[in-house]
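Take a look at the structure set out below.
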Amino acid sequence: MEPCGADARATATQLGPTQDNYPDRLDWPTIRIAGVCLIAAIMANLDISIVTVAQRTFTVAFHSTQATVAWTVAGYMLGMATATPMTGWAADRLGAKRLFMGAVATFTLGSMLCASAPNIGLLITFRVVQGIGGGVLGPLVLAIVTHQAGPRRLGRLLAVGAIPMLTAPMFGPILGGWLIDAYGWQWIFLINLPAGLLAFGLAAILVPEDPPKPSERFDFIGMLLLLPGIAMLLLGVSAIPGSGTVTDHRVWVPAISGAVLITAFALHAWYRTDHPLIDLRLFTDRVVRLANLALLLYVAGAAGASLLLPSYFQQLLHQTPMRSGLMMVPIGFGAMLTMPLTGAFMDSRGPRKVVLIGLTLIATGTGTFVFGVANEADYLPTLLAGLTIAGMGLGCTGLLLAASVMRVLAPHQIARGSALISVNQQISGSIGAALMSMILTNQFCRSHTISTANNMAVLRENAERHVVPIAPSAVPARAVGPDFLVELQHDLSHAYTLTFAVAAVLGALAYFPAAFLPAKPTTIAPGEVDVPG
748 MEPCGADARA
758 TATQLGPTQD
768 NYPDRLDWPT
778 IRIAGVCLIA
788 AIMANLDISI
798 VTVAQRTFTV
808 AFHSTQATVA
818 WTVAGYMLGM
828 ATATPMTGWA
838 ADRLGAKRLF
848 MGAVATFTLG
858 SMLCASAPNI
868 GLLITFRVVQ
878 GIGGGVLGPL
888 VLAIVTHQAG
898 PRRLGRLLAV
908 GAIPMLTAPM
918 FGPILGGWLI
928 DAYGWQWIFL
938 INLPAGLLAF
948 GLAAILVPED
958 PPKPSERFDF
968 IGMLLLLPGI
978 AMLLLGVSAI
988 PGSGTVTDHR
998 VWVPAISGAV
1008 LITAFALHAW
1018 YRTDHPLIDL
1028 RLFTDRVVRL
1038 ANLALLLYVA
1048 GAAGASLLLP
1058 SYFQQLLHQT
1068 PMRSGLMMVP
1078 IGFGAMLTMP
1088 LTGAFMDSRG
1098 PRKVVLIGLT
1108 LIATGTGTFV
1118 FGVANEADYL
1128 PTLLAGLTIA
1138 GMGLGCTGLL
1148 LAASVMRVLA
1158 PHQIARGSAL
1168 ISVNQQISGS
1178 IGAALMSMIL
1188 TNQFCRSHTI
1198 STANNMAVLR
1208 ENAERHVVPI
1218 APSAVPARAV
1228 GPDFLVELQH
1238 DLSHAYTLTF
1248 AVAAVLGALA
1258 YFPAAFLPAK
1268 PTTIAPGEVD
1278 VPG
């Protein structure tokens, strides 16, 4: 890849200070710009989790099935996955400020359309529009903050900004449940309008202008390979929980097709073009390679576990959806304890020690939680202590791995590097969530007791729908046994224990690449190093 030269460096200079004159302390202009980015990022992240509590409401309101309604979540993720790879090129071509304002406007418009959707099909379509805006905001916010802060201050700025970023998704189900109960499902989307308008207006005033770079040839071949590849891979992966196996044609046909297209894109990006859609040649840098591998394993385990935590609290501890959301708060509290310290520590000492400490805390917290689950404990302090310790580890890990990558990139590589990180997180998170769901589903299917309980639930639902009593002859003999509830609790605990243990193992595997991250701060001067062409 050829250096972008003076044009790229001029653009980086206008967006933020140059490498040589970054102040050591966080200044007010930098904090203001980060605050604008934070409003938009929280808005997009909150929308991922806030819709999860509305699934049952959508089923009733639109007279639809659960499988169809689930696409309100999957459609948003597919929109994100489609838009994210194009962020690097678009930021260079249009300028980061213009693209940021366009992404905020797209997300806000999508929110307004979702609130007015008359049927489930249009709601899913408008969720894709939302996802496109959110998919651009993720990597773009990281790129803008990196340009503005500089390598020496990046850890501290991300650490402070990440506290609301981590806690917002945890409060999403609580906020969503309250809005639905008090005002109706439309307000889980309408709440984005004031936030979007505020972010748009503040960006117009506070974010510095950055003129577009001279136009480079758009990678149409890469787009035709990568975007359908990611969409098909995620489509296949998202079908795993419903099918319960990877051998179902609804899983392996799109998943393999997507993997083939992504492989073809990788070859194309490495050998065929000077300006690929996602610059995989950034992996020639050792830090980029190690940090992305650690991030992949960490996100896969964390995403899989966090997806199943609310269902565990609801199924085994009989918590309401809102109370199960409250049970997630200790994770955010733990992250708030460690993140402000770890950012400053990374800026002065390098990422290796911080990330390894974080992974150790995650393993300790997850182990404590799994111990409580395995012993069928309903003693909440044990479970919540485990989540708090794991949250402390999260505050030392995810964003610092991303910051490790951004610190070693030259300014003209930052937009492409942030897109690479976001694609990595989306794919690994989707695979981790699907893998954990498949393991849990298979464990449920292996248990005759859980299968009997599911059959009883279907009988009750049919009886309520037709307003008739359940026929005694239809009740399975196992369901009326004296030990049925005890056996059900045991089998559910075993299923969740195994699933959370697999998530813990995935996170622990991140130790291996993280152990080889730099032990001292590593930065790069603008234009000093470029990836080979």
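Quick note on our numbering: the sequence shown kicks off at 748 and runs consecutively. The C-beta atom is built at its ideal place from N, Cα and C for all residues, glycine as well.
- The C-beta separation of A1166 from T834 comes to about 5 Å, placing the pair in contact by the 8 Å criterion.
- Taking 8 Å as the cut-off, the beta carbon of L1182 is found closer than this to the beta carbon of G1051.
- Counting along the chain, the unbroken alpha helix (DSSP H) around L887 starts and ends at I867 to A896.
- By the neighbour-count definition (other C-beta atoms within 10 Å, threshold 16), K960 is a buried residue.
- Contact check for F947 against V851 passes: the beta carbons are separated by less than 8 Å.
- Judged by their CB atoms, L1027 and G976 are not nearer to each other than the 8 Å cut-off.
- Straight-line measurement puts the Cα of L1156 at about 20 Å from the Cα of P958.
- In the structure shown, the three-state DSSP call for K960 is coil.
- Of the other Cβ atoms in all chains shown, 16 or more fall within 10 Å of the Cβ of A896; this residue is therefore buried.
- Here Q802 is exposed: its Cβ has fewer than 16 other Cβ atoms, across all protein chains shown, within 10 Å.
- Using a C-beta cut-off of 8 Å, the stretch 865-881 makes no contact with the stretch 1050-1069, since fewer than three inter-stretch Cβ pairs fall below that distance.
- Check the Cα spacing between G1112 and each of A942, R1096 and L1130: the tightest is with L1130.
- Membership of N1122 in any alpha helix (DSSP H) is not indicated, and neither H nor E is assigned to it by DSSP.
- In terms of Cα proximity to A1041, the closest of I968, K844 and G1105 is G1105.
- Annotated three-state conformation of I1025 is coil, per DSSP.
- Ranked by Cα distance from A1257, the first of I1178, A817, A1047 and R845 is A1047.
- With contacts defined by Cβ atoms closer than 8 Å, G1097 and A1266 form a contacting pair.
- Apart from sequence neighbours up to five positions away, the residues of its chain that approach A787 with a beta-carbon distance below 6 Å are V851, L884 and A946, ordered along the chain.
- Rounded to whole angstroms, the Cβ separation of G1140 and G1119 is 17 Å, and the two are not in contact under 8 Å.
- I952 is classed as exposed because its beta carbon has fewer than 16 other beta carbons within 10 Å across all chains shown.
- Of W775, V993, A1006 and T994, the smallest CA-CA separation from L973 is found for A1006.
- Within the stretch 772-814, the complete alpha helix (DSSP H) segments of 4 residues or longer fall at 775-797 and 802-808, listed in chain order.
- Given a length threshold of 4 residues, each whole run of the alpha helix (DSSP H) inside the stretch 1124-1162 is given here in chain order: 1127-1141 and 1145-1154.
- Put simply, the backbone Cα of M970 is about 9 Å away from that of I1025.
- Membership of M1074 in any alpha helix (DSSP H) is not indicated, and neither H nor E is assigned to it by DSSP.
- Around the CB of Y1243, 16 or more other CB atoms lie within 10 Å, so the residue is classed as buried.
- Distance check between R779 and each of H996, V984, L904 and Q1172 places L904 closest, using alpha-carbon atoms only.
- From the listed residues W1017, Y1018, A1255 and A986, the smallest Cα separation to I1003 is found for A986.
- The DSSP-derived three-state label of I938 is coil.
- In this structure, DSSP gives K1267 a state outside helix and strand, which the three-state scheme calls coil.
- Contact annotation, P1268 with S1095: C-beta distance approximately 7 Å; criterion of less than 8 Å satisfied.
- In terms of CA proximity to K1100, C1143 leads the group N1189, C1143, S1198 and R840.
- Here V800 has P920, G923, G924 and P1068 as same chain residues with Cβ atoms under 6 Å from its own Cβ, once five neighbours each way along the sequence are excluded.
- Here the alpha carbon of I1197 sits roughly 13 Å from the alpha carbon of D1230.
- The straight-line gap separating the alpha-carbon atoms of A830 and L856 is approximately 16 Å.
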